[in-house]
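Student: Going down the list, the protein sequences come from chains A and B. Sequential numbering of the first sequence, starting at 2, is according to the working numbering. Sequential numbering of the second sequence, starting at 2, is according to the working numbering. First the structure, then my questions, so here it is.
Protein chains: 2
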Amino acid sequence: MERNVDLNGFLENKQNFIPHLSIDSVIFGFHQDQLKVLLLRVHDSGVWSLSGGFVRMEEGIDPAALRILRERTGLENVYLEQYHTFGHEDRSKKNTLADILDFGHTEEFRNSWLNKRFVSIGYYALVDFSKVNPTPDSFSDIAEWFDLKDLPPMIFDHREMIHKALESLRANLDTKLVGFNLLPETFTMPELQSLYETILGYPLRRNNFQRKMLSMDILERIEKLYTGAANKAPYLYKFKAPTTEVV
Amino acid sequence: MERNVDLNGFLENKQNFIPHLSIDSVIFGFHQDQLKVLLLRVHDSGVWSLSGGFVRMEEGIDPAALRILRERTGLENVYLEQYHTFGHEDRSKKNTLADILDFGHTEEFRNSWLNKRFVSIGYYALVDFSKVNPTPDSFSDIAEWFDLKDLPPMIFDHREMIHKALESLRANLDTKLVGFNLLPETFTMPELQSLYETILGYPLRRNNFQRKMLSMDILERIEKLYTGAANKAPYLYKFKAPTTEVV
């Protein structure tokens with residue numbers, strides 16, 4: 002990676018980031034029957050990373066996660082869900098920036114706050130990858146969608162972060178799906194089922210799926226309008242407005 | 002709170018804790034039909050807190066959470082589940098230690114690392130409160146079980162942390178319950194239902210509950226032994242060994 006003025010300021014932590022704390026976001030991309038993940042290639046290397054960064058001293062972690070995603074990939078208005086914080090004492094010791102970056106061997110970098118242990122707060126998002134066109138920032142030269150079964154070499158424990166995010170996404174699909182805004186405002190039951198199958202990675206039985214979805218009380222059926230024509234169109238559904246839970 | 006040598010070392014961060022990062026654990030206590038939460042009273046104050054502390058520079062966050070729980074309450078071998086990290090920029094600004102502690106107004110405390118913003122990693126646990134006898138450490142003078150509907154004044158955002166933990170516990174009951182080791186090795190369906198009802202806070206229909214539990218494929222039914230007597234004893238169940246998920 003080329004040294005530049007921005008990076009000099011970065012090594013000196015001029016933006017006053019909280020030390021030892023990072024944020025990484027797993028951006029899942031869904032389209033038709035494919036589920037992918039967005040990765041950034043570290044400049045001039047064969048190593049890839051999640052969209053990640055640091056939290057400013059006066060900044061909340063949720064706004065920081067959105068800012069980092071916007072700065073690193075150009076993606077805006079993405080619904081991010083916090084899922085797990087990664088804090089093994091050795092997580093920043095393997096596939097480190099010091100190993101990957103051109104100037105990683107310099108004393109300045111090795112002594113900098115960037116080369117220390119980081120605890121990382123993980124977020125994930127789910128977007129329609131045909132609708133977004135991510136562009137990498139100055140730390141990375143390519144932003145690319147990868148198949149989950151074909152991940153490239155990654156820094157730190159980012160592969161584990163992806164696996165854990167997928168686990169969380171699958172486990173919470175019923176309650177989280179509405180937030181991701183992946184379906185049009187109204188949709189058919191087969192469209193919803195196709196989304197589930199793509200994320201879960203296996204087919205579901207149509208009758209069971211429909212019964213389960215209807216029993217969860219999260220869908221509202223749109224009454225068909227009388228058009229005069231023979232009415233063979235499938236029912237359309239939309240998500241009910243979420244209710245607030247009280248303890 | 003009395004000043005003592007330990008506290009002096011603490012203010013100077015002699016244990017080399019990661020700055021701006023804390024861990025807080027919500028210990029839920031279950032017994033018969035009651036669900037409570039364990040709180041510690043800040044010395045000589047009317048303000049209570051979760052069992053919390055800091056992460057050493059060379060320590061993983063999971064071992065740190067267990068160490069803190071042991072040091073602050075005397076509880077050992079508790080299964081802790083990480084559920085959410087709290088990082089609003091203002092979360093350390095209300096009901097602060099500086100407001101509560103006797104020496105909170107001293108310049109030394111106000112300038113210390115303890116009086117800074119903290120991002121806190123939340124864990125929760127579920128224990129049988131009739132089987133544990135927590136004892137407070139030197140930062141607190143009482144450890145007490147509170148009804149969730151009758152919480153005392155609490156520091157920072159600890160009340161919100163409890164509510165969010167309860168939400169997570171309820172949402173993940175089906176998948177997490179086995180880990181908490183709350184039931185004897187074998188148990189009846191009514192015993193399991195009673196545990197669910199206490200945590201969820203509302204009654205469940207017996208037939209529905211039994212059908213749902215059996216359909217989840219997490220229980221193994223113990224075959225009754227032939228005793229010669231009329232066999233009216235209810236079936237006993239145990240949790241199946243967990244299977245490892247692969248991506």
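Think of the CB as a built atom: it goes at the ideal place given N, C-alpha and C, for glycine as much as any other residue.
So which of N96/B, R118/B and Y124/B has the shortest CA-CA distance to I69/B?
Tutor: Y124/B
Student: According to DSSP, what are the bridge partners of G53/A?
Tutor: D25/A
Student: Here's a check: name, in chain order, each residue in its chain whose Cβ is nearer than 6 Å to the Cβ of Y236/A, leaving out the five neighbours to either side.
Tutor: Correct list, in chain order: R222.
Student: Are the stretch 23-40 of chain A and the stretch 52-62 of chain B touching, with three or more C-beta to C-beta distances below 8 Å?
Tutor: no
Student: On the three-pair Cβ rule with 8 Å, is the stretch 79-87 of chain B touching the stretch 169-188 of chain B?
Tutor: yes
Student: Exposed or buried, what is M217/A when buried is set at 16 or more other beta-carbons lying within 10 Å of its beta-carbon?
Tutor: exposed
Student: If the cut is a Cβ gap below 9 Å, which residues of chain A does P20/B touch?
Tutor: I19, P20 and H21
Student: Give, in chain order, every residue of the stretch 74-91 of chain A whose Cβ lies closer than 7 Å to some Cβ of chain B.
Tutor: Q83, H85, T86, G88, H89 and E90
Student: Give the secondary structure of S93/B by DSSP, where H, G and I count as helix, E and B as strand, and everything else as coil.
Tutor: Of the three classes helix, strand and coil, the one that applies to S93/B here is coil, per DSSP.
Student: Out of L115/A, S52/A, T97/A and F119/A, which has the shortest C-alpha to C-alpha gap to K15/A?
Tutor: L115/A
Student: Tell me F18/A's beta-bridge partners as DSSP assigns them.
Tutor: R57/A
Student: Would you be able to state if there are at least three C-beta pairs under 8 Å between the stretch 139-156 of chain A and the stretch 37-49 of chain A?
Tutor: yes
Student: So Q35/A is in the beta strand (DSSP E); what residue range does that whole segment cover?
Tutor: Looking at the DSSP string, the run of the beta strand (DSSP E) that includes Q35/A is Q35 to V43.
Student: Just checking: is the beta-carbon of I69/B within a distance shorter than 8 Å of some beta-carbon in chain A?
Tutor: no
Student: When we look at the beta-carbon of D100/B and count the other beta-carbons within 10 Å, is it buried (16 or more) or exposed?
Tutor: exposed
Student: Just the C-alpha distance for N173/B and E168/A, rounded to the nearest angstrom, thanks.
Tutor: 13 Å
Student: Consider the Cβ of M58/B: report whether some Cβ of chain A lies at a distance smaller than 8 Å.
Tutor: yes
Student: Check whether the Cβ atoms of P154/B and T74/B lie closer than 8 Å to each other.
Tutor: no
Student: Answer yes or no: does any C-beta atom of chain A fall closer than 8 Å to that of G61/B?
Tutor: yes
Student: V27/B CB to nearest chain A CB: under 8 Å?
Tutor: no
Student: If you reduce the DSSP assignment to three classes, tell me which class F130/A lands in.
Tutor: coil
Student: Could you name the residues of the same chain whose beta carbon sits closer than 7 Å to that of G1/A, not counting the 5 residues immediately before and after it, in chain order?
Tutor: With chain A represented from 2 up to 248, any question about residue 1/A goes unanswered, as that position is not in the structure.
Student: Helix, strand or coil: which one does DSSP assign to L220/B?
Tutor: strand
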